[in-house]
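A.B. asks:
2 protein chains.
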Amino acid sequence: MADLPGVDVAVREGRRERKRRQTRERIENEALTLFLERGFDNTTIEDITEAADVSKRSFFDYFPSKEDVVAAWQDSFASELIDAVAAQPPDASLVNVIEAAINAALHAAISDPRHLAVAVLIRDTPALRARDQLKYAKLERKLADALHARCRGDHKERFRLSVLAAAVVSMLRIGGERWNDAPQEGTSLEDFARNMFDELWGALADLGVHAQQYLSDR
Amino acid sequence: MADLPGVDVAVREGRRERKRRQTRERIENEALTLFLERGFDNTTIEDITEAADVSKRSFFDYFPSKEDVVAAWQDSFASELIDAVAAQPPDASLVNVIEAAINAALHAAISDPRHLAVAVLIRDTPALRARDQLKYAKLERKLADALHARCRGDHKERFRLSVLAAAVVSMLRIGGERWNDAPQEGTSLEDFARNMFDELWGALADLGVHAQQYLSDR
DNA sequence: TAATTTATTGCACTAAATGCAAGTTTGTAA
DNA sequence: TTACAAACTTGCATTTAGTGCAATAAATTA
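Written out as C-alpha cells, the structure reads:
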C-alpha cells in the first residue's frame, strides 16, 4: 500500500484528517454492503448516506459518483501490484518480477472475501462494467510505469514494456473470467495462477517466434 | 461492414424499417454535430431531439444513454476490422492478416474526417472515456474471436490469440495516443502504422526470447 | 480567545432515465 | 378496400444522479 504504517499515520493525522478518512471509509463500507445486499441499481445515494449517517450532499464531497465508490474500493489491487513490483530485488528478471508481484497482489486481494463478491457484482452490472475496463487500462499503464522504473530503458524499451503489460493484464482479465465462470473447486489460487502464467509465457514465446519469422522474412 | 449492399437492403427493408433506420441515423448525426460544436456535457438530450425532430422520449427508444450515441457511431471501426480479418486469404500468416486488416480498418476510419474529432472529444470528456475503454475491451475480444475463426485452434490456441489481440489493441491505443498528442505532420498514416507494427513485432519477438529463456531455465 | 481555514449541511435546480398509457403509422390477411 | 394486429411515437409523471450556493459547525493556528 501507499500508506505508511499505522503509528506514523496516527501521529501525523490531525482529528480533522482522521474524521475525514473515517467518514470516507464508513461511506465506502456501507455502500458496498448495500450494493452486495440488494444490487447496485437498487441502491440509491440516499440509502447509502442514511446508512453512513451523512447528508446526501456530503456524499458527493467524497465520491464524484456512485460508481466511483466501487472503483475506489477495489483500486487497492493496483496499488498492491505496483508496490510489489517496486519491492522485488533489483537483479530479478522481468518475468520473475511479474510473477512474484502478481502473486503478492492476488494474495492480498483474496484476504478480503468481499473482493470476489464485488467482482461478480461488477460483472453483472452494466453501469459498473464500463468503469471496470477503465481500471484495467489504468492498471496496464501503471504496471508499464512500474516496470519501466525498474529497467530505466529508452523509448523503445518503454513500448516493449507496454506490450508486456497489456499481455499480463489480458491474462489477469481472462484468468478472472475463468475463475468466476468455473469456481475452481479443486485448485488453489496459487496453482491456478501458476497455470495462467505457464500459458502466458508459452503464448509469448510462441508469438515471439512468429514475429521473428516475419521480421526476418522480408 | 456487416450491412449488405444498398440494393439488397432496399429490397428487404419495409417502410417501417427504413424509417426507423433513418431516424436513428438522424439522431446520431445531429447528436454528433452538436457534441463537436459545443461539447458533450453542454449538449442536452433535448437539444438533440429538437435538432433531430423527435420527442425526448423517443431518443431513449433508440439509444439507452447519451454516451451510447458516441459509442455506436464509432463502433464501425470494430466492424471494419473484423470484416477485414475475415476477408484475408485463408493461407495468409497471422502477422500478415493483422497488418492488412488494421490497415484496411484505419483507411476506412480516416475517410470520415469526423473520426479524428470524435477521438479528441472522447479524450477530453471523462464521461466518454470510461465507455471508450469498454470499446477497446470489446475490440480485443472480437479480434481474438475473428482470428480464432480463421485458425480453428484448440483451447490453448484461443488463449494465445487473446494475448496477441491484447498486444495489438494495446498498440492501437498507444498509437492513437501518439497520433493525437503529436499530430504527425510529415508522416502519412500508412507510414505511421508501419512504424507501429515494426515496434510491435519487435517487442513481441524480444519478449518471446525472455519467455523462452524463463521456460527453459527451470 | 480570536481569527481562519476546512467540513458539513440544507435547499433549490438541472438533466438523465424509466414506466405507462394514449394515439399514430405500418403491415397483413380476409 | 377494409379491418385487425403489431410496431412506432409521443406526452406526462416520476425517480434519481449530480451541481451550485450560502449558511452553519468544527478544527486549526496564532
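Chains as they are written, first to last, in this note's numbering: chain W, 5 to 222; chain A, 5 to 222.
From the three backbone atoms N, C-alpha and C, an ideal C-beta is built for every residue, glycine too.
Keep in mind the model is a prediction, meaning the values are calculated, not measured.
#1: From which residue to which residue does the alpha helix (DSSP H) around arginine 42 (chain A) run?
#2: DSSP three-state call for glutamine 216 (chain W): helix, strand or coil?
#3: List, in chain order, every chain W residue whose beta-carbon is nearer than 8 Å to that of tryptophan 183 (chain A).
#4: By the 10 Å Cβ neighbour count, where 16 or more other Cβ atoms means buried, how is phenylalanine 201 (chain A) classified, buried or exposed?
#5: Is any beta-carbon of chain A found at less than 8 Å from that of alanine 170 (chain W)?
#6: Determine the DSSP secondary structure at arginine 135 (chain W), reduced to helix, strand or coil.
#7: Do the stretch 102 to 111 of chain A and the stretch 71 to 88 of chain A meet, that is, are 3 or more Cβ pairs less than 8 Å apart?
#8: Between the stretch 169 to 185 of chain W and the stretch 165 to 185 of chain A, are three or more C-beta pairs nearer than 8 Å?
#9: Go through its chain and collect everything with a Cβ distance to asparagine 67 (chain A)'s Cβ below 8 Å, but skip five positions before and after it.
#10: So if I threshold CB-CB distances at 8 Å, which residues from the stretch 75 to 102 of chain W count as touching chain A?
#11: Can you give me, in chain order, the residues of the stretch 55 to 66 of chain A that have a beta carbon less than 8 Å from any beta carbon in chain W?
#12: Looking at valine 101 (chain W): is its Cβ nearer than 8 Å to the Cβ of arginine 177 (chain W)?
#13: Select from the stretch 206 to 218 of chain A all residues with a C-beta closer than 9 Å to any C-beta belonging to chain W, and list them in chain order.
#14: Taking Cβ positions, are phenylalanine 196 (chain W) and tryptophan 205 (chain W) nearer each other than 8 Å?
#15: Going by DSSP in three states, glutamate 71 (chain W) sits in which element: helix, strand or coil?
#16: Which of helix, strand or coil does DSSP assign to alanine 150 (chain W)?
#17: Along the alpha helix (DSSP H) that carries valine 124 (chain A), what are the first and last residues, could you check?
#18: Find out if the Cβ-Cβ distance for the pair leucine 211 (chain W), glycine 212 (chain A) is shorter than 8 Å.
#19: What residue range is occupied by the uninterrupted alpha helix (DSSP H) comprising asparagine 184 (chain W)?
#20: Can you tell me where the alpha helix (DSSP H) holding valine 101 (chain A) begins and where it ends?
#21: Taking beta-carbon pairs under 8 Å, can you tell me which members of the stretch 102 to 134 of chain A lie near chain W?
#22: Figure out for me which residue from A:Ser69, A:Phe63, A:Gln78 and A:Glu50 has the closest Cα to the Cα of alanine 131 (chain W).
#23: I need the DSSP call for proline 94 (chain A), collapsed to helix, strand or coil.
C.D. replies: The relevant details are as follows:
#1: Position 38 of the second sequence, counted from the start, is the residue given in the question as residue 42 (chain A). Counting along the chain, the alpha helix (DSSP H) containing arginine 42 (chain A) begins and ends at 19 to 42.
#2: Residue numbering aside, residue 216 (chain W) sits at position 212 when the first sequence is read from its first letter. Helix at glutamine 216 (chain W).
#3: Position 179 of the second sequence, counted from the start, is the residue given in the question as residue 183 (chain A). Near tryptophan 183 (chain A) there are no residues of chain W at all, since even the closest Cβ is about 14 Å away, more than 8 Å.
#4: Numbered from its first residue, the second sequence carries residue 201 (chain A) at position 197. Per the 10 Å Cβ criterion, buried.
#5: What you label residue 170 (chain W) is simply residue 166 of the first sequence in a count that begins at 1. It does: the Cβ of alanine 170 (chain W) has a partner Cβ on chain A nearer than 8 Å.
#6: Taking the first residue of the first sequence as 1, we reach residue 135 (chain W) at position 131. Arginine 135 (chain W) falls in the helix class under three-state DSSP.
#7: yes
#8: yes
#9: Translated into the one-based positions of the second sequence, residue 67 (chain A) becomes position 63. Reading off the sequence shown, one finds phenylalanine at residue 67 (chain A), where the question assumed asparagine. When the five nearest sequence neighbours on each side are left out, the beta carbons in the same chain lying within less than 8 Å of the beta carbon of phenylalanine 67 (chain A) are those of Ile31, Val73 and Ala76, in order along the chain.
#10: Ser97, Leu98, Val99 and Asn100
#11: none
#12: Residue numbering aside, residue 101 (chain W) sits at position 97 when the first sequence is read from its first letter. Residue numbering aside, residue 177 (chain W) sits at position 173 when the first sequence is read from its first letter. Their beta carbons are not under 8 Å apart, which means valine 101 (chain W) does not touch arginine 177 (chain W) by this criterion.
#13: Gly206, Ala207, Leu208, Ala209, Asp210, Leu211, Gly212, Val213, His214, Ala215, Gln216, Gln217 and Tyr218
#14: Counting from 1 along the first sequence, the entry for residue 196 (chain W) is found at position 192. Counting from 1 along the first sequence, the entry for residue 205 (chain W) is found at position 201. Tryptophan 205 (chain W) sits away from phenylalanine 196 (chain W), with the two beta carbons spaced by 8 Å or more.
#15: Counting from 1 along the first sequence, the entry for residue 71 (chain W) is found at position 67. Residue state, collapsed to three classes: helix.
#16: Residue mapping note: residue 150 (chain W) aligns to position 146 of the first sequence, counting from 1. The answer is helix: DSSP assigns alanine 150 (chain W) an H, G or I state.
#17: As a working note, residue 124 (chain A) is residue 120 in the second sequence. 118 to 127 is the extent of the alpha helix (DSSP H) around valine 124 (chain A).
#18: What you label residue 211 (chain W) is simply residue 207 of the first sequence in a count that begins at 1. What you label residue 212 (chain A) is simply residue 208 of the second sequence in a count that begins at 1. Yes, the Cβ-Cβ distance between leucine 211 (chain W) and glycine 212 (chain A) is below 8 Å.
#19: Numbered from 1 along the first sequence, position 180 holds the residue referred to as residue 184 (chain W). Start and end: 159 to 185.
#20: Residue 101 (chain A) sits at position 97 when you count from the first residue of the second sequence. Looking at the DSSP string, the run of the alpha helix (DSSP H) that includes valine 101 (chain A) is 98 to 114.
#21: Arg133 and Ala134
#22: Position 127 of the first sequence, counted from the start, is the residue given in the question as residue 131 (chain W). If we check each option's Cα against that of alanine 131 (chain W), A:Ser69 comes out closest.
#23: By 1-based counting over the second sequence, the position of residue 94 (chain A) is 90. In the structure shown, proline 94 (chain A) sits in coil (DSSP, three-state: anything other than H, G, I, E or B).
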